[in-house]
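Note that UniProt numbering has the sequence shown beginning at 1, numbered continuously upward. Beta carbons: idealized from backbone N, C-alpha and C, even for Gly. Quick caveat, the model's predicted, so the values are computed rather than measured. Just below is one structure, and these are the notes that go with it.
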Amino acid sequence: MQLKDNAFLITGAASGLGAATAERIVAAGGRVVLCDLSEAVESHAARLGEAARAVRGDVTREDDMQAAVEAAVALGEKGEGERGLAGVIHCAGVVSVAKLLDREGNPADLDAYARTVQINLVGTFNVMRLAAAAMSKNAPGEDGERGVIINTASVAAFDGQVGQCAYSASKAGVVGMSLPAARELSRHGIRVMAIAPGVFETPMMSDIPEDAVAALSASIPFPKRLGKPDEYARLAEQIVTNPMLNGEVIRLDGGIRMS
Numbered sequence: 001m002q003l004k005d006n007a008f009l010i011t012g013a014a015s016g017l018g019a020a021t022a023e024r025i026v027a028a029g030g031r032v033v034l035c036d037l038s039e040a041v042e043s044h045a046a047r048l049g050e051a052a053r054a055v056r057g058d059v060t061r062e063d064d065m066q067a068a069v070e071a072a073v074a075l076g077e078k079g080e081g082e083r084g085l086a087g088v089i090h091c092a093g094v095v096s097v098a099k100l101l102d103r104e105g106n107p108a109d110l111d112a113y114a115r116t117v118q119i120n121l122v123g124t125f126n127v128m129r130l131a132a133a134a135m136s137k138n139a140p141g142e143d144g145e146r147g148v149i150i151n152t153a154s155v156a157a158f159d160g161q162v163g164q165c166a167y168s169a170s171k172a173g174v175v176g177m178s179l180p181a182a183r184e185l186s187r188h189g190i191r192v193m194a195i196a197p198g199v200f201e202t203p204m205m206s207d208i209p210e211d212a213v214a215a216l217s218a219s220i221p222f223p224k225r226l227g228k229p230d231e232y233a234r235l236a237e238q239i240v241t242n243p244m245l246n247g248e249v250i251r252l253d254g255g256i257r258m259s
C-alpha cells in the first residue's frame, strides 16, 4: 500500500504525533481525515488544503468515531484508488500520573484511573473495530491487502515509572491487542501494528520543567534529545508501505529504558 491516492483517518490529529503524520501523508499525495476533540484540528486541516478534512470527535464515543470513519471512506472514494478508508493511525490518548497512595496514605482516585483506561485502551478498541468494519469492504490490493491499522502504545507499557499505573496499564493493553487483532483481521486483508514511542516533543511534554526535560534527554542513549513528531510519522509511513510489518509493536525511543 502507498500513501499516494489513499485516504487515512488520523486521531489525535490537532497536534503532536497525529498532526505530523497528517502532514507527511498529504505531502506524499495522500488524503486525510483529522479527528480530535480540540477545535485546533479544523485550522490544521485548513492548512493542509483540499486533501484534508476535519472531524471533531471523542474516541470513546461510537457515534463520533463512526462519523469520522464515514468521512474518511467518502474522502477515499473521491480519489483514484479502489479503497475508501485505507488506513488508520490512532494517536489520540492522555497521560496520567497518580500514585496508588498519596503522602497521607490516601488511595488513588478510581474514576481517574478508569478515565485513562477508557480513553487510551477502550478508545483504541473503538476506533479499531469501526475502522476494520469499513476496511473489510475495500477491494483487495496487492497480496489481498485491504487496509492497515497503526495504534500508539508507549514505552511505559514495558517500563512504567512510579505513578504510571493507569497509563502503563492502558498502553500495555494496546500492546496486548496488537497480535490477536492482527491474527483475526488477517482473513480480511487488514494489518495491525503498534508504535511504542519514548519521550517525544509533543504538547503532553509542555508542562514539564526544563530541567526535567534535560534529564530525560540525557537518559536517552542516542540521540540524546527528545523524539521529533515527524520521526513517528516516518515510521508510520514505513508501516503503511511495508506489507510484512504486521502483528508487532515497534519501540521508537532512542534506546531509552525508563526507571
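Residue i versus residue j: straight-line alpha-carbon distance, rounded
| i | j | result |
| --- | --- | --- |
| Ser136 | His188 | 6 Å |
| Leu185 | Pro197 | 24 Å |
| Pro140 | Pro180 | 21 Å |
| Ile10 | Ala212 | 30 Å |
| Tyr113 | Arg61 | 18 Å |
| Met65 | Ala153 | 19 Å |
| Ser38 | Pro203 | 12 Å |
| Val155 | Arg251 | 7 Å |
| Ala40 | Val175 | 29 Å |
| Arg56 | Val33 | 10 Å |
| Thr124 | Asn151 | 7 Å |
| Pro107 | Asp58 | 29 Å |
| Met244 | Ala67 | 30 Å |
| Asp5 | Arg183 | 27 Å |
Candidates the options, of which the one nearest residue i by Cα
| i | options | result |
| --- | --- | --- |
| Leu110 | Cys165, Gln66 and Ala71 | Cys165 |
| Asn120 | Ala233, Asn106 and Val94 | Val94 |
| Gly144 | Asp230, Arg83 and Phe222 | Arg83 |
| Asp102 | Ala132, Tyr167 and Gly163 | Gly163 |
| Cys91 | Cys35, Lys99 and Arg56 | Cys35 |
| Arg31 | Thr124, Leu100, Val88 and Gln118 | Val88 |
| Leu85 | Gly254, Ala51, Ala131 and Val59 | Ala131 |
| Phe158 | Asn151, Gly173 and Ile150 | Gly173 |
| Arg129 | Met205, Val148 and Thr116 | Val148 |
| Thr116 | Pro107, Ala98, Gly254 and Ala14 | Ala98 |
| Ala13 | Pro221, Ala45 and Ala134 | Ala45 |
| Ala51 | Ser217, Ala67 and Glu77 | Glu77 |
| Gln161 | Gly247, Pro209 and Met258 | Met258 |
| Asn246 | Ile195, Ala133 and Arg53 | Ile195 |
Secondary structure of residue i, DSSP reduced to three states
| i | result |
| --- | --- |
| Arg251 | strand |
| Ala196 | strand |
| Leu110 | helix |
| Val97 | coil |
| Arg115 | helix |
| Phe222 | coil |
| Ala14 | coil |
| Ile149 | strand |
| Gly227 | strand |
| Ile239 | helix |
| Arg83 | coil |
| Leu3 | coil |
| Arg257 | coil |
| Thr180 | Correcting the residue type first, residue 180 is Pro in the shown sequence and not Thr. Of the three classes helix, strand and coil, the one that applies to Pro180 here is helix, per DSSP. |
| Asp211 | helix |
| Thr124 | helix |
| residue 264 | Not covered by the structure: residue 264. The range shown for the chain is 1 to 259. |
| Leu75 | helix |
| Ala139 | coil |
Rounded distance between the beta-carbons of residue j and residue i, thought under 8 Å
| i | j | result |
| --- | --- | --- |
| Leu235 | Glu201 | Rounded, the Cβ-Cβ distance is 15 Å, inconsistent with contact. |
| Ser170 | Val249 | About 14 Å; that fails the 8 Å criterion. |
| Tyr167 | Leu17 | With 8 Å as the limit, Tyr167 and Leu17 do not qualify as a contact, their Cβ atoms being about 16 Å apart. |
| Leu48 | Glu23 | 7 Å |
| Leu75 | Ala7 | 4 Å |
| Ile256 | Met193 | Not a contact, Cβ separation roughly 21 Å. |
| Val69 | Ala19 | At roughly 20 Å, the Cβ-Cβ gap does not stay under 8 Å, so Val69 and Ala19 are not in contact. |
Chain D within 8 Å of residue i, Cβ atoms only
| i | result |
| --- | --- |
| Cys91 | The structure shown has no chain D; it contains just one protein chain. |
Proximity test, residue i beta-carbon vs the ligand GTP heavy atom, cut-off 7 Å
| i | result |
| --- | --- |
| Leu235 | Looking at this structure, you won't find the ligand GTP or any other ligand, since it has none at all. |
Identified DSSP bridge partners for residue i
| i | result |
| --- | --- |
| Asp36 | Arg56 |
| Arg191 | Val148 |
| Leu9 | Val33 and Val88 |
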